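For the sequence shown, the UniProt record's numbering assigns the number 97 to the last residue and increments by one with no breaks.
Where is the CB? At the ideal position from N, CA and C, for every residue including glycine.
Source: prediction; values computed, not measured.
Below: the structure, in structure tokens.
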Amino acid sequence: MYNLYKIKFDEEGLPKNETGKSWVYHEIFKTEFNLGFNVPSNDTCDVCDNLRMILQECQSEDQRVVVQQQIDSNLKDAEIRYNIKKNDKVSFPEKTE
């Protein structure tokens, strides 16, 4: 993003000595806008999130077992879908023009 900022600054014909340094740019975004610059650690689906909330509220062990089985089943399905997607990417690489 900092590189885009510099390009925009140049396009508008502003003096280069007024361009903020990279560390200042990142500091402002972290402190004033609360924006992060890290890759998300993990992505979860709504089904898993809902099932985990239900699991926390389960009163009996039988309920817990059933909900945990649903979570496990959903995760297996997701893994199968990701593997299919990965294989498709290998089999059909994107065309660059």
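Quick one: residues in its chain with C-beta nearer than 8 Å to the C-beta of residue i, no 5 flanking neighbours on either side, listed in chain order?
i          : result
residue 98 : Since the first and last residues shown for the chain are 1 and 97, residue 98 lies out of range.
Which of helix, strand or coil does DSSP assign to residue i?
i   : result
F29 : helix
E61 : helix
M1  : coil
F9  : helix
L14 : coil
Straight-line CA distance for residue i to residue j?
i   : j   : result
K6  : T19 : 7 Å
V65 : V47 : 17 Å
C71 : E79 : According to the sequence shown, residue 71 is Ile rather than Cys. Approximately 12 Å between the Cα atoms of the pair.
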